[in-house]
Amino acid sequence: MSLCDICKSIPWETLPIIPPFISRMVSENPYIQALYPWPQEKRGFPHCQSLSSLRKSASSCNLCSLILASAENVEKELIELKPKWDARKAVGYDWPTWEMWLVKREDGDGAWVMSFVDEEKAKMLGYGKKGLREAWIYVSLSYCWGRSRQFTTTRATIEERKRGIIIADIPTTYQDIIFLTRALNIRYLWIDSLCICQDEHLDWERESAKMLQTYSNAYLTVAASRAKDSAQGFLGPRQHTFVELEYTRGDIKGKASVSSLSLREESYKTDYIYLPEEPLSQRAWSLQERVLSHRVLIYATNQMFFECNEGFRSEDGLAFPRRHTCVHKSFGIEKLDKEAKPPVPGSKPTKTVMIQGWYDLLHQYGPRKLSHATDKLPALSGLASLYAERIGSDYLAGLWRDHLIEGLVWRSPSFRRVDTYRAPSWSWASGDGYPAIGLRYGYSELAEVVDASVTLKGENPFGEVSAGWIKLRAPMEQLFLPTEGWNPDVLGKYVLVSARTGNGVRDGMQLCFDLAFTGSDASEVVRGFVGGLEGVDVFALVLLKRALEPEDVEELDWPYCCLIVKRVQEMGVYERLGFAICGREELGWDDESEGTEGMCEVTLV
Numbered sequence: 001m002s003l004c005d006i007c008k009s010i011p012w013e014t015l016p017i018i019p020p021f022i023s024r025m026v027s028e029n030p031y032i033q034a035l036y037p038w039p040q041e042k043r044g045f046p047h048c049q050s051l052s053s054l055r056k057s058a059s060s061c062n063l064c065s066l067i068l069a070s071a072e073n074v075e076k077e078l079i080e081l082k083p084k085w086d087a088r089k090a091v092g093y094d095w096p097t098w099e100m101w102l103v104k105r106e107d108g109d110g111a112w113v114m115s116f117v118d119e120e121k122a123k124m125l126g127y128g129k130k131g132l133r134e135a136w137i138y139v140s141l142s143y144c145w146g147r148s149r150q151f152t153t154t155r156a157t158i159e160e161r162k163r164g165i166i167i168a169d170i171p172t173t174y175q176d177i178i179f180l181t182r183a184l185n186i187r188y189l190w191i192d193s194l195c196i197c198q199d200e201h202l203d204w205e206r207e208s209a210k211m212l213q214t215y216s217n218a219y220l221t222v223a224a225s226r227a228k229d230s231a232q233g234f235l236g237p238r239q240h241t242f243v244e245l246e247y248t249r250g251d252i253k254g255k256a257s258v259s260s261l262s263l264r265e266e267s268y269k270t271d272y273i274y275l276p277e278e279p280l281s282q283r284a285w286s287l288q289e290r291v292l293s294h295r296v297l298i299y300a301t302n303q304m305f306f307e308c309n310e311g312f313r314s315e316d317g318l319a320f321p322r323r324h325t326c327v328h329k330s331f332g333i334e335k336l337d338k339e340a341k342p343p344v345p346g347s348k349p350t351k352t353v354m355i356q357g358w359y360d361l362l363h364q365y366g367p368r369k370l371s372h373a374t375d376k377l378p379a380l381s382g383l384a385s386l387y388a389e390r391i392g393s394d395y396l397a398g399l400w401r402d403h404l405i406e407g408l409v410w411r412s413p414s415f416r417r418v419d420t421y422r423a424p425s426w427s428w429a430s431g432d433g434y435p436a437i438g439l440r441y442g443y444s445e446l447a448e449v450v451d452a453s454v455t456l457k458g459e460n461p462f463g464e465v466s467a468g469w470i471k472l473r474a475p476m477e478q479l480f481l482p483t484e485g486w487n488p489d490v491l492g493k494y495v496l497v498s499a500r501t502g503n504g505v506r507d508g509m510q511l512c513f514d515l516a517f518t519g520s521d522a523s524e525v526v527r528g529f530v531g532g533l534e535g536v537d538v539f540a541l542v543l544l545k546r547a548l549e550p551e552d553v554e555e556l557d558w559p560y561c562c563l564i565v566k567r568v569q570e571m572g573v574y575e576r577l578g579f580a581i582c583g584r585e586e587l588g589w590d591d592e593s594e595g596t597e598g599m600c601e602v603t604l605v
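According to full-length UniProt numbering, the stretch in the sequence shown is residues 1 to 605, in order.
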């Protein structure tokens, strides 16, 4: 098909950029975003001004057909919203009129280059004998196993796998990665289900502990982001449509590839990078696989993406100067002296920046899904081993010994403890959800770590644990909880109930318990939790005091961070129940006291 007269006249070089004033509120409707404002002179090139004229032109114009597909997505959402607008006629809502304008993306086209990395003589799947590079370079695969029947290496099949694998017998995702690796002229390939003996626990544990080396030393990691299981593959047809058209600019003549852009992703560019809706982005193991890799080629639902330490590129031309969380360049991850000073007066020490980077990774990692609940710590062990080496601190079930007090005050409004033991109650790894850790401002520690230890379940020093404890000296106040009359159906999203100390104000402090308040079964969860508190002694363990700024008006009176704990059977032994912030009045402390009169030695398990 040829282009219509309107499309032929589009001034591609002088189109204005996508409006920079798009609302930062996330729309529930991905094709509709609010613009505040959009001046008339910056509205771009006027296209067809009605759907009927656009549909007519689309029958003979490829570009109009592409534009029509986007317009119909908007129309579909508008139809779904119309009943709500009709119900609000009194406030002036009405069916919108159509204006169609063409604008362009601010970030331009880009290119990428790959280079070699150091050898990694690990176990890898090799195929073919001639015509492929003989150097020890390899491709690693990041993918979802899913629910389909898996093709694995076991003790029973390992000799058969060594003799050879019939490609037609393996899942589509494996076939696709072999095809791609051959096309790249690379001989070796890492696929976890084939390169790790799946029913030999010691082999699995040893290899899972080597994920840092496996993905950091890969020539390229291919992420099958679009595939929900290994049977789906990643090289099939995509939903994204590209239209080719003749293009002339000065002396340059040729063909250009044109595609429509998602206004939502263009408004929130991090969605391009983090790909939150892709199946692979929901899985726990895939986070470290991506973060540890130098180069990642991503096969997403609509198009391909590539990232390296120079930036992020998309198949449709996005050139973004940053990438997903990076641990291979100077983002505060370089080797440090433990006594390193900040390079600029008033700036944070690099070590502090690194610890904050760890907390940011935990926030991304927390809600991701696992097929086996016990993998919570192993699936992050590659990253943990890197951080342990570079910050020089002991790893304690997801927390760091040198930053233990700050690490203990994590909180999560969507936290759900798992039935299977996988970490002590004081660790974020004891449940699922978004663990928010880290303080925006400075703080003074009121608690002292006497000692701490974890018992490893196997050989991986960053893997599963069977027990753990922390002995602290800290101010502690008993709490009185009025459990009668609690109504779980009307509880807030974060706060369960107020509790008071013996000398504190009557209204008490607000507690955030480690519960899934956002789940559909929240009422049932709360009822069970409340029932378990009957006759149980509950305390506030005060760990630190934040150095708040004057602009933090809402929290100025609540500088203290506490753990809410309950006493268990052994004397002096406690388990975490939740988190609270409060002030002197809530604790019942006088102006001179920092709780020194109520110092206790406790053991958290």
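Quick reminder that beta carbons are idealized off the backbone N, C-alpha and C, glycines included. Because the structure is a prediction, the values reported are computed rather than measured.
- Item | Three or more C-beta pairs below 8 Å linking the region 55-72 and the region 259-273 | Counting Cβ pairs under 8 Å, three or more are found: they touch.
- Query: So W410 is in the alpha helix (DSSP H); what residue range does that whole segment cover?
  - Reply: No alpha helix (DSSP H) contains W410, which DSSP labels as neither H nor E.
- Query: Which first and last residues belong to the beta strand (DSSP E) in which M211 is found?
  - Reply: Taken as a continuous stretch (DSSP letters only), M211 belongs to no beta strand (DSSP E), being part of the alpha helix (DSSP H) at M211 to S216.
- Query: Which residues does DSSP pair with E477 in a beta bridge?
  - Reply: DSSP lists A540 as partners of E477.
- Task: Could you check the C-alpha separation between I391 and I167 for me, to the nearest Å?
- Result: 44 Å
- Query: Less than 7 Å separating the beta-carbons of residue 613 and V465?
  - Reply: Absent from the model: residue 613. The displayed extent of the chain is 1 to 605, so no value can be given.
- For P46, the three-state DSSP class (helix, strand or coil): strand
- Item | Exposed unless 16 or more other CB atoms sit within 10 angstroms - verdict on P276 | exposed
- Item | H324 and R283 closer than 7 Å at C-beta | no
- Query: Going by C-alpha distance, which of V538, Y31, L511 and R527 is nearest S267?
  - Reply: Y31
- If we call anything under 7 Å between Cβ atoms a contact, is A218 one with L280? no
- Kindly indicate the opening and closing residues of the alpha helix (DSSP H) around R149. In the DSSP annotation of this structure, R149 is not part of any alpha helix (DSSP H), being labelled neither H nor E.
- Message: Suppose you measure from the CA of P46 to the CA of S52; what does that come to, to the nearest Å?
- Response: 16 Å
- What do you get for V243, buried or exposed, if any count of 16 or more other CB atoms within 10 angstroms of its CB means buried? Residue burial is scored here from C-beta neighbours: V243 has at least 16 other C-beta atoms within 10 angstroms and is therefore classed as buried.
- Taking the Cβ atom as the reference point for each residue, do G468 and V449 lie within a distance shorter than 7 Å? no
- Query: Do Y434 and P367 come within 7 Å of each other at the CB atom, strictly closer than that value?
  - Reply: For P367 and Y434, yes; Cβs fall inside 7 Å.
- Task: Can you have a look at N460 and say buried or exposed, based on whether 16 or more other CB atoms are within 10 angstroms of its CB?
- Result: Buried, by the Cβ-count rule.
- Message: Contact defined as beta carbons within less than 8 Å: I believe L370 pairs with K376. What is the distance between those atoms, to the nearest angstrom?
- Response: 6 Å
- Item | Same chain, Cβ closer than 6 Å to D271, five either side skipped, listed in chain order | E265
- Item | A447 beta carbon less than 7 Å from that of L577 | no
- What number of angstroms, rounded off, separates the C-alpha of C48 from the C-alpha of E99? 8 Å
- If you draw a straight line from the C-alpha of V505 to the C-alpha of I17, how long is it? 56 Å
- Item | Extent of the continuous beta strand (DSSP E) to which I564 belongs | Y560 to R567
- Below 7 Å between beta carbons: does that hold for I564 and A547? no
- Query: If Y188 sits next to S293, beta carbons under 8 Å apart, how far is it from one beta carbon to the other, in whole angstroms?
  - Reply: Not really, about 15 Å apart at Cβ, beyond 8 Å.
- Query: Out of curiosity, what's the CA-to-CA distance linking F144 and P237?
  - Reply: The amino acid at residue 144 is misidentified as Phe; the sequence shows Cys. Those two C-alpha atoms are separated by around 19 Å.
- Message: I'd like the ranges of any beta strand (DSSP E) spanning at least 3 consecutive residues and lying wholly in the UniProt domain "Heterokaryon incompatibility" (138-289).
- Response: 138-142, 188-190, 220-223, 243-249 and 252-258
- Message: Can you tell me whether T596 is buried or exposed? The criterion is at least 16 other CB atoms within 10 Å of its CB, across all chains shown.
- Response: exposed
- Query: Got a sec, what are the start and stop residues for the beta strand (DSSP E) Q510 sits in?
  - Reply: M509 to F513
- Cα-Cα separation between C561 and I437, rounded to whole angstroms: 12 Å
- Simplified DSSP state of W101, which is helix, strand or coil: Correct three-state label for W101: strand.
- Determine the DSSP secondary structure at E72, reduced to helix, strand or coil. Helix.
- Message: Just to confirm the assignment, what range does the beta strand (DSSP E) spanning R401 have?
- Response: Boundaries for R401: no beta strand (DSSP E) harbours it, and the DSSP string shows neither H nor E there.
- Item | Three-state class that DSSP yields for T374 in the structure shown | Judged by DSSP in its simplified three-state form, T374 adopts helix.
- Is the beta carbon of S142 less than 7 Å from the beta carbon of S286? Yes, they are a contact pair.
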